[in-house]
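Letter by letter, the sequence shown follows residues 140 to 189 of the numbering used here.
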Amino acid sequence: MSTPPSSPNLNPIEHVLATLKDNLKRKVKPKTKVELVNGIKYFLGKLDSS
């Protein structure tokens, strides 16, 4: 059984996770687990359904 090629363009979650990671590094800069969780919640709350 062959599998289709793997490409970030075919997998939108790759873009979301990359943007989340970038957002955490540049804006949130969490120092604790609580700050990390809050940063992730804030980011996910800003996403739209498109």
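Heads up, the beta-carbon is just placed ideally off N, CA and C, and yes, glycines get one too.
Backbone secondary structure at residue i - three-state DSSP
{"i": "N162", "result": "helix"}
{"i": "P151", "result": "helix"}
{"i": "L186", "result": "coil"}
{"i": "K170", "result": "coil"}
Reference residue i; option with closest CA among the options
{"i": "K160", "options": "G184, E174, I179, L149", "result": "I179"}
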